[in-house]
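So the structure is just underneath, and the comments pick up after that.
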Amino acid sequence: VQLQACGGGLVQPGGSLRLSCTASGRFLAANAIGWFRQSPGKERAAVAGITRDGDRHYSTAVKGRFTISRDNAGTTVRLQMNDLKPNDTGVYYCNALYRNLQEPWGQGTQLTVSS
Numbered sequence: 027v028q029l030q031a032c033g034g035g036l037v038q039p040g041g042s043l044r045l046s047c048t049a050s051g052r053f054l055a056a057n058a059i060g061w062f063r064q065s066p067g068k069e070r071a072a073v074a075g076i077t078r079d080g081d082r083h084y085s086t087a088v089k090g091r092f093t094i095s096r097d098n099a100g101t102t103v104r105l106q107m108n109d110l111k112p113n114d115t116g117v118y119y120c121n122a123l124y125r126n127l128q129e130p131w132g133q134g135t136q137l138t139v140s141s
């Protein structure tokens, strides 16, 4: 499975951005999917997840600002990020939410929040 996250960039504090995740085959449709963030000097950690049934979960740090979604075809999982803060800076990855189902990590997409 090849996972690809895209949509990152440089954003000012308070700005918005949307990330997209695609994958080969039916990986996204078949699994609960998470968005993970690796900030400088920190370990990679989940910030949002969506189950196959559409239940959504968020870390405390992003709850109320980020929204995860998947399209009906199950081919794309998105992360809408609003009211971005400097602490949101990092490399964002997508993968299966549960570790035992995760595939090799893709390159991720860099988000930098800075004025």
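In my numbering, each number is its position in the sequence shown, counted from 1, plus 26. Note that the Cβ used here is the ideal one computed from N, Cα and C, for glycine as well. If you're wondering where the values come from, they're calculated on a predicted model, not measured in any experiment.
Exposure label - residue i; buried when at least 16 CB within 10 Å
| i | result |
| --- | --- |
| T135 | buried |
| N126 | exposed |
Reduced DSSP category for residue i - H, G, I as helix; E, B as strand; rest coil
| i | result |
| --- | --- |
| L127 | helix |
| N108 | coil |
| N121 | strand |
Top-ranked residue by Cα proximity to residue i, from the options
| i | options | result |
| --- | --- | --- |
| Q106 | W61, T138, D79, G67 | W61 |
| Q133 | Y119, D79, G75, A87 | Y119 |
| P117 | P130, V27, G35 | The sequence given here has Val at residue 117, not Pro. The option with the nearest alpha carbon to V117 is G35. |
| N121 | P66, R70, P39 | R70 |
The ligand SAH heavy atom lying under 7 Å from the CB of residue i
| i | result |
| --- | --- |
| F92 | Ligands displayed in this structure: none; no statement on the ligand SAH is therefore possible. |
Residues near residue i by beta carbon distance below 6 Å, same chain, minus five either side
| i | result |
| --- | --- |
| T102 | S46, T48 |
| L110 | V37, G41, V139 |
| L43 | V37, M107 |
| C32 | S46, T135 |
| D114 | V139 |
Same chain, Cβ closer than 7 Å to residue i, neighbours up to 5 away in sequence not counted
| i | result |
| --- | --- |
| V88 | V73, A74 |
| T77 | A58 |
Problem - Length-filtered (4 minimum) alpha helix (DSSP H) runs lying within the region 39-71 - result: 53-56
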